[in-house]
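Peer 1: Before we start, here is the structure in question, set down as structure tokens.
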Amino acid sequence: MYVITGATGRTGSIVANYLLDKGQTVRVIGRNLERLTPFVRKGAEPFVSEPTDEARLIEAFSGAEAVYVMLQPNYIITSNDFPAYQKSVISAITSTLEQAEVKNVVSLSSWGADKEKDTGPVTGLHLLEQRLNQIEQLNVLHLRSGYFMENLLSQIKNIIFHNVARGPFLPDVQFPMIATRDIGRIAGEAMLKRNYQGQQIRELHGSCDLSMSEAVKLIGKAFDKPNLNYIQTTEEEARKEMRMNGYSEHIIGLVLETTRALNTKHIRMLEQRTFENTSSTSFETFINEVFIPQYEKEAAQI
């Protein structure tokens, strides 16, 4: 039995489908039964639970050969104490893994999780790693992934309405770009093989390093928009936009803390790029198979 937390998310869904396609017994955890239905059709056992519900999670983790563990990667934009929420999820997950006597875990982490502070919500992943490492007789593999290519989907409306991409990141800082499909596949392979012991870290650099300017130029090329550019906004401009979109001041502060950490390379990969930490989905493939279909979908709704 393989158990997947966050099964309806970008990486969890890939992990679940990978294992199901391999003919494995899979239990998928989510908050909404209806959203678990696609996995059920493929033979998965659905399990509805909040990520902080210890009583439910003990039952969910029972009998698991391996568990895929993750924290919510997106901000709760109205939160006034997101770190407290992260800590409550970490406490519930790690406590119940211990009680259920789970022996193998693959955890989704992030570049920057080596840092104790000043990384925004990535600090929560540092805490998750530390707490998992404290569980006796647990084999745990932390996948420190780079920058999700899918994060660039948030630029679609800017491109549609303003013919520009913009954000608070420096235009020339290099990001290790990874497709979430690659993270999910690598996690699924690790769960199936269980070829890790003790506490191990694996950096996932994705297929390439790109700056925001370079990434946007490639998007523009695919759309035959050679003049599509990335423009860096000021922190105050970013604050104003987030306020307009309903972000709490607390979350705005976390977003900008992460931005500063990336711009100053406080968040960075610790290893050089190698064959082993490079994955297969190119940025061009992501554009053609993910970005363009989503762009067309959003453009059609306007």
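Take the sequence shown: its position 115, counting from 1, is numbered 115 in the UniProt record's numbering, and each next residue is one higher. A virtual CB, placed ideally from N, CA and C, is assigned to each residue, including glycine.
1. Mapping DSSP to helix, strand and coil, what is MET177?
2. Would GLU129 pass as a contact of SER107 if the rule is Cβ separation under 8 Å?
3. How far does the beta strand (DSSP E) with ILE159 in it reach, from first residue to last?
4. Taking the beta carbon of ALA187 as the centre, do at least 16 other beta carbons fall within 10 Å, making it buried, or is it exposed?
5. Bridge partners of SER107, per DSSP?
6. At what residues does the alpha helix (DSSP H) containing GLN130 begin and finish?
7. Classify GLU271 as buried or exposed, calling it buried when 16 or more other Cβ atoms lie within 10 Å of its own Cβ.
8. Can you tell me the Cα-Cα spacing of GLU289 and TYR18, whole angstroms?
9. Measure the alpha-carbon distance for PRO46 versus PRO226 and round it to whole angstroms.
10. Tell me which residues share the same chain as ARG131 and place their Cβ nearer than 7 Å to its Cβ, disregarding the 5 neighbours each side in the sequence.
11. Restricting to runs no shorter than 4 residues, where is the alpha helix (DSSP H) found entirely within the stretch 164-214?
12. How far does the beta strand (DSSP E) with PRO46 in it extend, from its first residue to its last?
13. Say whether the stretch 115-128 touches the stretch 152-165, bearing in mind that this needs 3 or more beta-carbon pairs closer than 8 Å, one atom from each stretch.
14. Let me know the secondary structure DSSP gives PHE148 once reduced to three states.
15. Work out the CA separation of THR11 and THR78 for me, nearest whole Å.
16. Considering only residues of the same chain and omitting the five flanking positions on each side of ASN263, which have a CB-CB separation below 7 Å?
17. Given a cut-off of 8 Å, decide if PHE148 and LEU254 are closer than it, judged by their beta-carbon atoms.
18. Taking just the CA atoms, how far does GLY112 sit from THR5?
19. Please list the terminal residues of the continuous beta strand (DSSP E) segment that includes VAL290.
20. Which of the three DSSP states is assigned to VAL102 in this structure?
21. Could you work out which residue in PHE161, ALA190, GLU236 and THR52 is closest to LEU143 when comparing CA atoms only?
22. Taking DSSP's pairing of strands, which residues face TYR2 in a bridge?
23. Of all the options GLN72, ALA100, PHE39 and GLN86, which has the alpha carbon lying nearest to the alpha carbon of SER62?
Peer 2: Looking at the coordinates:
1. Looking up residue 177 in the sequence shown gives position 177. Reduced to three states, the DSSP call for MET177 is strand.
2. In the sequence shown, the residue the question calls residue 129 occupies position 129. In the sequence shown, the residue the question calls residue 107 occupies position 107. In contact: GLU129 and SER107 (Cβ atoms closer than 8 Å).
3. To locate residue 159, count along the sequence shown from 1; it is residue 159. Looking at the DSSP string, ILE159 is not in any beta strand (DSSP E); the run it does join, the alpha helix (DSSP H), is 156-162.
4. Here residue 187 corresponds to residue number 187 of the sequence shown, with the count starting at 1. Buried, by the Cβ-count rule.
5. Locating residue 107 in the sequence shown gives position 107, where the first residue counts as 1. SER107 is bridged by DSSP to VAL69 and HIS142.
6. As a working mapping, residue 130 is identified with position 130 in the sequence shown. Segment 122-133, the alpha helix (DSSP H) holding GLN130.
7. On the sequence shown, residue 271 is found 271 positions in, with the first residue counted as 1. When all chains shown are included, GLU271 counts as exposed.
8. In the sequence shown, the residue the question calls residue 289 occupies position 289. In the sequence shown, the residue the question calls residue 18 occupies position 18. If you draw a straight line from the Cα of GLU289 to the Cα of TYR18, it comes to about 18 Å.
9. Taking the first residue of the sequence shown as position 1, residue 46 is located at position 46. Taking the first residue of the sequence shown as position 1, residue 226 is located at position 226. Each residue's alpha carbon lies about 46 Å from the other.
10. Sequence index remark: in the sequence shown, residue 131 carries index 131 (1-based). Its chain contains ILE90 and THR94 as the residues whose beta carbon lies nearer than 7 Å to that of ARG131, once the 5 sequence neighbours on both sides are disregarded; these appear in chain order.
11. Fully contained in the stretch 164-214 are the following alpha helix (DSSP H) runs of length 4 or more, in chain order: 180-193.
12. The residue given as residue 46 occupies position 46 in the sequence shown. Taken as a continuous stretch (DSSP letters only), the beta strand (DSSP E) holding PRO46 covers 45-48.
13. Verdict: no, contact absent.
14. On the sequence shown, position 148 is the one that residue 148 refers to. If DSSP states are grouped into helix, strand and coil, PHE148 belongs with the strands.
15. As a working mapping, residue 78 is identified with position 78 in the sequence shown. As a working mapping, residue 11 is identified with position 11 in the sequence shown. For THR78 and THR11, the distance between alpha carbons rounds to 24 Å.
16. The sequence position of residue 263 within the sequence shown is 263, counting from 1. Cβ neighbours of ASN263 beyond the five flanking positions: PHE169, LEU170 and VAL173.
17. In the sequence shown, counting from the first residue as 1, residue 254 sits at position 254. In the sequence shown, counting from the first residue as 1, residue 148 sits at position 148. Not in contact: LEU254 and PHE148 (Cβ atoms no closer than 8 Å).
18. Numbered from its first residue, the sequence shown carries residue 5 at position 5. Numbered from its first residue, the sequence shown carries residue 112 at position 112. For the pair THR5 and GLY112, the Cα-to-Cα distance works out to about 22 Å.
19. Here residue 290 refers to the residue found at position 290 of the sequence shown. Element bounds for VAL290: n/a, residue is neither H nor E.
20. Looking up residue 102 in the sequence shown gives position 102. Of the three classes helix, strand and coil, the one that applies to VAL102 here is coil, per DSSP.
21. The residue labelled residue 143 in the question sits at position 143 within the sequence shown. The shortest Cα separation from LEU143 among PHE161, ALA190, GLU236 and THR52 belongs to ALA190.
22. If you number the sequence shown from 1, residue 2 lands on position 2. Bridge partners of TYR2: VAL26 and ALA66.
23. Within the sequence shown, the letter at position 62 stands for residue 62. By alpha-carbon distance to SER62, the top candidate from GLN72, ALA100, PHE39 and GLN86 is ALA100.
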